[in-house]
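Engineer: Following this message is one structure expressed as C-alpha cells.
There are 4 protein chains.
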Amino acid sequence: MSHYFDLFIMVMICLSVIDIILESEESLKVEYSSWFQFFEFFSVLVFSIEYALRVWTCVEHRKYNSSLFGRIKYMSNPMALVDLIAILPFYLPFVGIDLRFIRILRLFRIFRVLKMARYSSAFNLIKNVFKEKKEELLVTSVFIVIILIIISTLMYYLEREAQPDHFSSISKSLWWGIVTLTTVGYGDVYPVTALGKALGGIITLLSIGLIALPSGILASGYTEQIIMRKEKKKKN
Amino acid sequence: MSHYFDLFIMVMICLSVIDIILESEESLKVEYSSWFQFFEFFSVLVFSIEYALRVWTCVEHRKYNSSLFGRIKYMSNPMALVDLIAILPFYLPFVGIDLRFIRILRLFRIFRVLKMARYSSAFNLIKNVFKEKKEELLVTSVFIVIILIIISTLMYYLEREAQPDHFSSISKSLWWGIVTLTTVGYGDVYPVTALGKALGGIITLLSIGLIALPSGILASGYTEQIIMRKEKKKKN
Amino acid sequence: MSHYFDLFIMVMICLSVIDIILESEESLKVEYSSWFQFFEFFSVLVFSIEYALRVWTCVEHRKYNSSLFGRIKYMSNPMALVDLIAILPFYLPFVGIDLRFIRILRLFRIFRVLKMARYSSAFNLIKNVFKEKKEELLVTSVFIVIILIIISTLMYYLEREAQPDHFSSISKSLWWGIVTLTTVGYGDVYPVTALGKALGGIITLLSIGLIALPSGILASGYTEQIIMRKEKKKKN
Amino acid sequence: MSHYFDLFIMVMICLSVIDIILESEESLKVEYSSWFQFFEFFSVLVFSIEYALRVWTCVEHRKYNSSLFGRIKYMSNPMALVDLIAILPFYLPFVGIDLRFIRILRLFRIFRVLKMARYSSAFNLIKNVFKEKKEELLVTSVFIVIILIIISTLMYYLEREAQPDHFSSISKSLWWGIVTLTTVGYGDVYPVTALGKALGGIITLLSIGLIALPSGILASGYTEQIIMRKEKKKKN
Numbered sequence: 028m029s030h031y032f033d034l035f036i037m038v039m040i041c042l043s044v045i046d047i048i049l050e051s052e053e054s055l056k057v058e059y060s061s062w063f064q065f066f067e068f069f070s071v072l073v074f075s076i077e078y079a080l081r082v083w084t085c086v087e088h089r090k091y092n093s094s095l096f097g098r099i100k101y102m103s104n105p106m107a108l109v110d111l112i113a114i115l116p117f118y119l120p121f122v123g124i125d126l127r128f129i130r131i132l133r134l135f136r137i138f139r140v141l142k143m144a145r146y147s148s149a150f151n152l153i154k155n156v157f158k159e160k161k162e163e164l165l166v167t168s169v170f171i172v173i174i175l176i177i178i179s180t181l182m183y184y185l186e187r188e189a190q191p192d193h194f195s196s197i198s199k200s201l202w203w204g205i206v207t208l209t210t211v212g213y214g215d216v217y218p219v220t221a222l223g224k225a226l227g228g229i230i231t232l233l234s235i236g237l238i239a240l241p242s243g244i245l246a247s248g249y250t251e252q253i254i255m256r257k258e259k260k261k262k263n
Numbered sequence: 028m029s030h031y032f033d034l035f036i037m038v039m040i041c042l043s044v045i046d047i048i049l050e051s052e053e054s055l056k057v058e059y060s061s062w063f064q065f066f067e068f069f070s071v072l073v074f075s076i077e078y079a080l081r082v083w084t085c086v087e088h089r090k091y092n093s094s095l096f097g098r099i100k101y102m103s104n105p106m107a108l109v110d111l112i113a114i115l116p117f118y119l120p121f122v123g124i125d126l127r128f129i130r131i132l133r134l135f136r137i138f139r140v141l142k143m144a145r146y147s148s149a150f151n152l153i154k155n156v157f158k159e160k161k162e163e164l165l166v167t168s169v170f171i172v173i174i175l176i177i178i179s180t181l182m183y184y185l186e187r188e189a190q191p192d193h194f195s196s197i198s199k200s201l202w203w204g205i206v207t208l209t210t211v212g213y214g215d216v217y218p219v220t221a222l223g224k225a226l227g228g229i230i231t232l233l234s235i236g237l238i239a240l241p242s243g244i245l246a247s248g249y250t251e252q253i254i255m256r257k258e259k260k261k262k263n
Numbered sequence: 028m029s030h031y032f033d034l035f036i037m038v039m040i041c042l043s044v045i046d047i048i049l050e051s052e053e054s055l056k057v058e059y060s061s062w063f064q065f066f067e068f069f070s071v072l073v074f075s076i077e078y079a080l081r082v083w084t085c086v087e088h089r090k091y092n093s094s095l096f097g098r099i100k101y102m103s104n105p106m107a108l109v110d111l112i113a114i115l116p117f118y119l120p121f122v123g124i125d126l127r128f129i130r131i132l133r134l135f136r137i138f139r140v141l142k143m144a145r146y147s148s149a150f151n152l153i154k155n156v157f158k159e160k161k162e163e164l165l166v167t168s169v170f171i172v173i174i175l176i177i178i179s180t181l182m183y184y185l186e187r188e189a190q191p192d193h194f195s196s197i198s199k200s201l202w203w204g205i206v207t208l209t210t211v212g213y214g215d216v217y218p219v220t221a222l223g224k225a226l227g228g229i230i231t232l233l234s235i236g237l238i239a240l241p242s243g244i245l246a247s248g249y250t251e252q253i254i255m256r257k258e259k260k261k262k263n
Numbered sequence: 028m029s030h031y032f033d034l035f036i037m038v039m040i041c042l043s044v045i046d047i048i049l050e051s052e053e054s055l056k057v058e059y060s061s062w063f064q065f066f067e068f069f070s071v072l073v074f075s076i077e078y079a080l081r082v083w084t085c086v087e088h089r090k091y092n093s094s095l096f097g098r099i100k101y102m103s104n105p106m107a108l109v110d111l112i113a114i115l116p117f118y119l120p121f122v123g124i125d126l127r128f129i130r131i132l133r134l135f136r137i138f139r140v141l142k143m144a145r146y147s148s149a150f151n152l153i154k155n156v157f158k159e160k161k162e163e164l165l166v167t168s169v170f171i172v173i174i175l176i177i178i179s180t181l182m183y184y185l186e187r188e189a190q191p192d193h194f195s196s197i198s199k200s201l202w203w204g205i206v207t208l209t210t211v212g213y214g215d216v217y218p219v220t221a222l223g224k225a226l227g228g229i230i231t232l233l234s235i236g237l238i239a240l241p242s243g244i245l246a247s248g249y250t251e252q253i254i255m256r257k258e259k260k261k262k263n
C-alpha cells in the first residue's frame, strides 16, 4: 500500500516538472492553458494532502515523538521545507503578495524532483562518496578557485587594453577563467594578444591537471565505497 | 571454413557502411551511381543469403531447438531483427511503400556495424563493465538529469529577458545546460547577464564533479573487471 | 592566541583579494575610491606588521637559528619573498619608480592567497600527490608537448593556404593545438579544408587518450596517498 | 663521454624544432635568414655525422652483428629511417627534386623530437601502459568509431535540410560528431532544428560515458604498472 503511494507521488513529481518545462513554452501555454491550470490545481491538491499526511504521521517516528514539537521539528527539516515551498505559491495569491515574485518562487517546485531521493536507496552511494570526500573536495575546490583568480588576474592585465569589452574588470576576466578551466570554451571570450595567448595556453595546459583532481578524488572515493560494500557483504 | 565466412561478412559490413557514407556525398553519388547500385545489389544479396543461412541453421543451437518456433524465436531477437531491417528496404519498393521513408530506414544499415560485436569476443569486456555498473550509472544519470533541469530552469529565469531568442523556454535552456555540463561548449548559447554569468559560472564549476562521476564509475568498473579476469586465470 | 592571529591574517588575505577584484571594476573604483585607499592603507599596515613580526620571531625556529643570517635565510625563502613583494609596492612610490610598473607588480598581491597554504594542513595531500608523481607528470607533459608540436606543424602545412590569418605560422597553429588538445575549443581557430578536418579529426580522437594520462596519474597518485594514510593509521 | 654526446644531440634536436617553429614566422624568416641558413647547415652537419657514426658502430650491437646486412637491418628500423629522412631534404636539392615537396618533407624533422625517447628511460612507463592495454584500447576505439558513425548519420538525416552547408554529407556530419564526442565543441557546426538538438543532446549526454572509457583504461593501466614496479622493487 505504502509502496504504491510512494510510486504515485514520484510520478506526480516527474509530471509536475514536465508541466513546468512545457508551460515555459509560450505557444503551448496559450493553447493548453486550461490543461495547465487543471494540472496545477490537481498537483497542488495531491502535494498538499501528501504534506498534511506526512506532518500528521511523522509523530509515529521515534525522532519526532512529540505531538507538537515533533511536528515542528519535522516541518523544519530541509526536505519538508522544500515540500512546503513547493505548494505554498498556490495559496499565496489569496494573501495578496506580488505575483511576479511568486512566479520566480515557483521555480523551487523543481526541487520536488530531489524528493525522489527520499524514495530510492540508490541515491545513497553518491551521497556517501561526497560525504566521505567532503574535506578533500573542499581543499581542491579552494585550490582551483585560487588558481582561477590568479589566472584571471594575469589575463586581465594582459588583455584589458586589446579587448576592453571582454576584459574590462577582473570579475569579467573570471568568466573567461571559469569557461576555460572547465574546458567548456564557449568562444565568447578568449585571449587575442600574442602574450595573452602564450601565457593563456601554457597556464591552460598546466591547469588541466588541476581540474582532473576532483575527478580523481571522486573516482577513488567511488572505488573505496564499492570495496567497503563488498567487505560488508563478506562479513554477513 | 566458418572463420573465413565470418571474416567475409565483417568486411562486407564495413564496406556497406563506407558505401552509405560515400553515397551521401552528392558529387560521388552522381558520378559513380552505377557502382553504388551494383554494390547495393551485391551487398543485399550477400546479407540476404547470410540471413537465410542463419535462420536455416539456428535450429542446430539448443536455444532454438524447434523447426518452427525456434526459428521465430531466433528471428525475434534484436540482432536478427537488425539483420532483417538492414536488407528489407531493398525488397520493400516492390510492395509500393513511400521511397523517402525507406531512405531514412536505410539508416539502420549502419547498425550492421554493431553486428561485428557478434564476431569478436573483444566486445565482452565493455559489455560487462556497463552490465555490472548498470544501477550505479542509472542513479548518476538520474542525478545529472535532475541537476541539469534545475540549472537550466534557473538560467531560463535569469536570461530569458536579456536573450529572448536563446532562452525563450526551459527546453531551449536545457540545450544550454547539456552543452555546458558535458563541457562541449559550442558557443551558440551562453549567459550574457552579470547574474547569469555569476550563477552559471559557479554552478558549472560545481557540476564538473558530477560529470566526473560516471567516468569514475566506468574506470572503477573497468579495474574490477581486469582484477576478476586475473583472479580467474590464477584459479585455472 | 596564535590561532586567532592566523585566522585574522587569512581573513585579511581574502579581503585584499576581493579588494583587487572590486577595484578593477571602473565604476566601483571611482565611487568608492576613498574606501579602497583606506583598505589599501590598512591592509598594507597589517601585512607590514605581520612581516616584521615573522622576521623578528623566525630566529626562534631551529632552522633560522642565527640573529642575522637566520633572518636573511628566512627572508629569502619563496613564501617570505612573496610576502615582501606584496607590501613593497605601497612603499616604493616614495622612491620614485614608475607607477604603472608598480600597478602590475601589485598583481603579486594575489599570491597572498597562496599563503593560506601555510595556515592549513589540508594543502598537504595535493602537494604530496604532485610531489610523488613529479617525474611521471613531467614525462607525460613532455610527451604531450611533442604531440602538440607535431599536430600543430601538420595543421600549419595543411591550413596555411586556406586560412592565412589563423595559420600564418607554427606558433599560431600551436594556439589551435592547445585549445583543441585541452578540449577547450573556443572556436576562434579550426581547420576548414577537407584534409585539415580529416587529419585534425583523427588526430584529435587519438590525442584524447594522451590528455587522459595526467588525469590517470593524478587519480592513481591520489588513491595511493589515501591508502598510505590509512596504513599509517592502522600502525599507530 | 657517451652521456655528453647524447645530451648534445638532445639539445640539437630541441634547437632544430625551435628553428622550424621560428622559421615559419614570416617576419623572423626575412630578418634572420642568414642565421636560419647557418643553423640549418650546422644542424644537418651534426645529424649527418651522428647518423654516420650510428650506422658505423651499430655492428657492435649483437642484434646487427654483420658488417653489411646488420647495417642494412639497422638502417631499416623506423627510428633510423626517421633520422635519415630528417637529414635527406638538405642533400636532395642537388638531385633536382621539386623544392616545395621537400619543404613539406622537412616537416618530418619534427620527428627528431621523438628520438629523445631513445635517450630517456622515462618514456618506458607510458609505452608499457599503451602496450599492455593495446587490445582494450582498440576495442573501445572501434566502439567509439561505431557510435560516432551512427550518431553522425542520424544527425545528417535530421539536419541536412535545415543546414545544407554543414550537413551536406555524412563525412561532413562526422566532423560534427568528432568535435562533439571529444567535447572540443568549436561551435562551427551544431544542430539547429528542435529534433536535432533533442537527439543530439540525449546522444551527447550518453556518449560522454563512452569517451570516459579510454581514460578509465589508461588510468587503470597506469595504476597496474605502478603496482608492478613496486612489487619488483620488493622482490629485489
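Chains as they are written, first to last, in my numbering: chain A, 28 to 263; chain B, 28 to 263; chain C, 28 to 263; chain D, 28 to 263. Backbone N, C-alpha and C fix where the C-beta goes; we use that ideal spot for every residue, glycine too.
Using the three-state DSSP reduction, which class does Ile124 (chain C) fall into: helix, strand or coil?
Structural biologist: Start at 1 with the first residue of the third sequence, and residue 124 (chain C) comes out as number 97. Confidence at Ile124 (chain C) is low in this model, with a pLDDT of 47, below 50, so its placement is unreliable and the value that follows should be read with caution. Of the three classes helix, strand and coil, the one that applies to Ile124 (chain C) here is coil, per DSSP.
Engineer: Who are the near neighbours of Leu49 (chain D) in its chain, counting only those whose CB is closer than 7 Å to its CB and skipping five residues on each side?
Structural biologist: Against the fourth sequence, residue 49 (chain D) aligns to sequence position 22. If we look at Leu49 (chain D) and ignore the five residues flanking it on each side, its Cβ neighbours are Leu55.
Engineer: Can you check whether the C-beta of Val166 (chain D) is within less than 8 Å of a C-beta belonging to chain C?
Structural biologist: Taking the first residue of the fourth sequence as position 1, residue 166 (chain D) is located at position 139. Cβ-Cβ to chain C under 8 Å: no for Val166 (chain D).
Engineer: Residues of chain A with a CB under 8 Å from the CB of Thr264 (chain D): which are they?
Structural biologist: The requested residue 264 (chain D) is not part of the displayed model; chain D covers only 28 to 263.
Engineer: Grab the span of the alpha helix (DSSP H) containing Arg98 (chain C) for me, first residue to last.
Structural biologist: Working through the third sequence from its first residue, we reach residue 98 (chain C) at position 71. Here the alpha helix (DSSP H) through Arg98 (chain C) covers 96 to 102.
Engineer: To the nearest whole angstrom, what separates the beta carbons of Ala246 (chain C) and Ala246 (chain D), a pair I think is in contact under 8 Å?
Structural biologist: As a working mapping, residue 246 (chain C) is identified with position 219 in the third sequence. As a working mapping, residue 246 (chain D) is identified with position 219 in the fourth sequence. Right, their Cβ atoms sit about 5 Å apart.
Engineer: In terms of alpha-carbon separation, which member of C:Gly223, C:Phe65, C:Arg81 lies closest to Asp33 (chain C)?
Structural biologist: Your numbering for residue 33 (chain C) matches position 6 in the third sequence. Here the closest residue by C-alpha is C:Arg81.
Engineer: Helix, strand or coil: which one does DSSP assign to Val109 (chain B)?
Structural biologist: By one-based count along the second sequence, residue 109 (chain B) stands at place 82. Note: Val109 (chain B) maps to helix in three-state DSSP.
Engineer: Could you list the residues in the stretch 211 to 240 of chain A with a C-beta less than 7 Å from some C-beta on chain D, going in chain order?
Structural biologist: Flagged, chain order: Gly212, Gly214.
Engineer: Using a beta-carbon distance cut-off of less than 9 Å, what residues from the stretch 187 to 206 of chain B approach chain A?
Structural biologist: Arg187, Ser195, Ser196, Ile197, Ser198, Lys199, Ser200, Leu201, Val206
Engineer: Could you tell me whether the Cβ of Tyr183 (chain A) comes closer than 8 Å to any Cβ of chain C?
Structural biologist: Position 156 of the first sequence holds residue 183 (chain A). Closer than 8 Å: yes.
Engineer: Check the Cβ-Cβ distances between Ala113 (chain D) and every residue of chain B, and say whether any is below 8 Å.
Structural biologist: Along the fourth sequence, read from residue 1 onward, the residue named residue 113 (chain D) stands at position 86. For Ala113 (chain D), no CB of chain B lies under 8 Å from its own CB, so it is not counted at the interface with that chain.
Engineer: From what residue to what residue does the alpha helix (DSSP H) around Ser15 (chain D) run?
Structural biologist: Because chain D here runs from 28 to 263, residue 15 (chain D) falls outside it and cannot be looked at.
Engineer: Just checking: is the beta-carbon of Thr180 (chain B) within a distance shorter than 8 Å of some beta-carbon in chain A?
Structural biologist: Taking the first residue of the second sequence as position 1, residue 180 (chain B) is located at position 153. Taking Cβ atoms only, chain A reaches closer than 8 Å to Thr180 (chain B), which makes this a yes.
Engineer: Rank A:Ser195, A:Gly227, A:Lys199, A:Ile197 by C-alpha distance to the C-alpha of Thr210 (chain A) and give the top, closest one.
Structural biologist: Stepping through the first sequence from its first residue, residue 210 (chain A) is reached at position 183. Minimum Cα distance to Thr210 (chain A) is reached at A:Gly227.
Engineer: Could you check what DSSP says for Ala246 (chain B) in three-state terms: helix, strand or coil?
Structural biologist: The residue given as residue 246 (chain B) occupies position 219 in the second sequence. Three-state DSSP puts Ala246 (chain B) in a helix.
Engineer: Out of D:Val71, D:Leu201, D:Lys90, state which residue places its alpha-carbon closest to the alpha-carbon of Arg171 (chain D).
Structural biologist: Mapped onto the fourth sequence, residue 171 (chain D) falls at position 144. Just to set this straight, residue 171 (chain D) is Ile in the shown sequence, not Arg. Nearest C-alpha to Ile171 (chain D): D:Leu201.
Engineer: How about Leu175 (chain A) and Ile197 (chain A): do their beta carbons lie closer than 8 Å?
Structural biologist: Counting from one through the first sequence, the residue named residue 175 (chain A) turns up at place 148. Counting from one through the first sequence, the residue named residue 197 (chain A) turns up at place 170. No, the pair does not count as a contact, with Cβ atoms beyond the cut-off.
Engineer: From Gln64 (chain C) to Ile36 (chain C), what does the alpha carbon distance come to, in whole angstroms?
Structural biologist: Your numbering for residue 64 (chain C) matches position 37 in the third sequence. Your numbering for residue 36 (chain C) matches position 9 in the third sequence. When rounded, the distance between both Cα atoms is 19 Å.
Engineer: Throw me the rounded Cβ distance for the Phe66 (chain C) and Asp46 (chain C) pair, which I believe falls under 8 Å.
Structural biologist: Stepping through the third sequence from its first residue, residue 66 (chain C) is reached at position 39. Stepping through the third sequence from its first residue, residue 46 (chain C) is reached at position 19. That belief holds up - the Cβ atoms of Phe66 (chain C) and Asp46 (chain C) are roughly 5 Å apart, short of 8 Å.
Engineer: By a C-beta neighbour count over all protein chains shown, 10 Å radius and 16 as the cutoff for buried, is Arg187 (chain A) buried or exposed?
Structural biologist: Taking the first sequence and counting its residues from 1, one reaches residue 187 (chain A) at position 160. By the neighbour-count definition (other C-beta atoms within 10 Å, threshold 16), Arg187 (chain A) is a buried residue.
Engineer: Using a C-beta to C-beta distance shorter than 7 Å, which residues of chain C count as neighbours of Leu245 (chain D)?
Structural biologist: Within the fourth sequence, numbered from 1, the residue matching residue 245 (chain D) stands at position 218. Against chain C, the beta carbon of Leu245 (chain D) has neighbours under 7 Å at Gly236, Ala239, Leu240, Gly243, listed in chain order.
Engineer: Skipping 5 residues on each side, what residues in its chain have a beta carbon closer than 6 Å to that of Tyr146 (chain B)?
Structural biologist: Sequence index remark: in the second sequence, residue 146 (chain B) carries index 119 (1-based). Confidence at Tyr146 (chain B) is low in this model, with a pLDDT of 45, below 50, so its placement is unreliable and the value that follows should be read with caution. Asp33, Met37, listed in sequence order.
Engineer: Measure the beta-carbon distance from Val156 (chain B) to His193 (chain B) and round it to whole angstroms, keeping in mind my assumption that it falls under 8 Å.
Structural biologist: For the purposes of this step, residue 156 (chain B) is identified with residue 129 of the second sequence, where counting begins at 1. For the purposes of this step, residue 193 (chain B) is identified with residue 166 of the second sequence, where counting begins at 1. Going by Cβ atoms, the distance from Val156 (chain B) to His193 (chain B) rounds to 37 Å, so no, they are not a contact pair.
Engineer: Straight-line CA distance for Ala225 (chain C) to Val169 (chain D)?
Structural biologist: If you number the third sequence from 1, residue 225 (chain C) lands on position 198. If you number the fourth sequence from 1, residue 169 (chain D) lands on position 142. Between Ala225 (chain C) and Val169 (chain D), the C-alpha separation is close to 17 Å.
Engineer: Give every residue of the same chain whose Cβ lies closer than 7 Å to the Cβ of Leu152 (chain A), excluding the five residues on either side of it in the sequence, and list them in chain order.
Structural biologist: Taking the first residue of the first sequence as 1, we reach residue 152 (chain A) at position 125. If we look at Leu152 (chain A) and ignore the five residues flanking it on each side, its Cβ neighbours are Gln252.
Engineer: Quick check: what's the CA-CA separation for Val72 (chain C) versus Ala189 (chain A)?
Structural biologist: The residue given as residue 72 (chain C) occupies position 45 in the third sequence. The residue given as residue 189 (chain A) occupies position 162 in the first sequence. One point to set straight first is that residue 72 (chain C) is Leu, not Val, in the sequence displayed. Spanning the two alpha carbons is a distance of roughly 35 Å.
Engineer: Taking only the alpha-carbon atoms, compute the straight-line gap between Pro241 (chain C) and Gly236 (chain A) and give it to the nearest angstrom.
Structural biologist: In the third sequence, counting from the first residue as 1, residue 241 (chain C) sits at position 214. In the first sequence, counting from the first residue as 1, residue 236 (chain A) sits at position 209. Using only the alpha carbons, I get a separation of about 6 Å.
Engineer: DSSP state of Val86 (chain B), grouped into three classes?
Structural biologist: Along the second sequence, read from residue 1 onward, the residue named residue 86 (chain B) stands at position 59. Reduced to three states, the DSSP call for Val86 (chain B) is helix.
Engineer: How would you write the range of the alpha helix (DSSP H) that Ser168 (chain A) sits in, first residue to last?
Structural biologist: On the first sequence, position 141 is the one that residue 168 (chain A) refers to. Element bounds for Ser168 (chain A): 161 to 186.
Engineer: Strictly below 9 Å CB to CB, what residues from chain C border Glu77 (chain A)?
Structural biologist: Reading the first sequence from its first residue, position 50 is the one you call residue 77 (chain A). By Cβ distance, chain C contributes nothing, its closest Cβ being about 42 Å from Glu77 (chain A), past 9 Å.
Engineer: For Gly248 (chain C), which residues in the same chain have their Cβ closer than 6 Å to its Cβ, ignoring the five residues on either side in sequence?
Structural biologist: As a first step, residue 248 (chain C) is located in the third sequence; it is residue number 221 there, counting from the start. These residues qualify, in order along the chain: Val156, Glu159, Lys160.
Engineer: Looking at chain D, is there any beta carbon in it that lies within less than 8 Å of the beta carbon of Tyr249 (chain B)?
Structural biologist: For the purposes of this step, residue 249 (chain B) is identified with residue 222 of the second sequence, where counting begins at 1. Chain D, which has a Cβ nearer than 8 Å to the Cβ of Tyr249 (chain B), makes this yes.
Engineer: With 16 other CB atoms within 10 Å as the buried threshold, where does Tyr91 (chain D) fall?
Structural biologist: To locate residue 91 (chain D), count along the fourth sequence from 1; it is residue 64. With 16 or more Cβ atoms within 10 Å of its Cβ, Tyr91 (chain D) is classed as buried.
Engineer: Would you check if the distance between the CB atom of Gly212 (chain A) and the CB atom of Met182 (chain A) is smaller than 8 Å?
Structural biologist: Looking up residue 212 (chain A) in the first sequence gives position 185. Looking up residue 182 (chain A) in the first sequence gives position 155. The answer is no: Cβ separation not under 8 Å.
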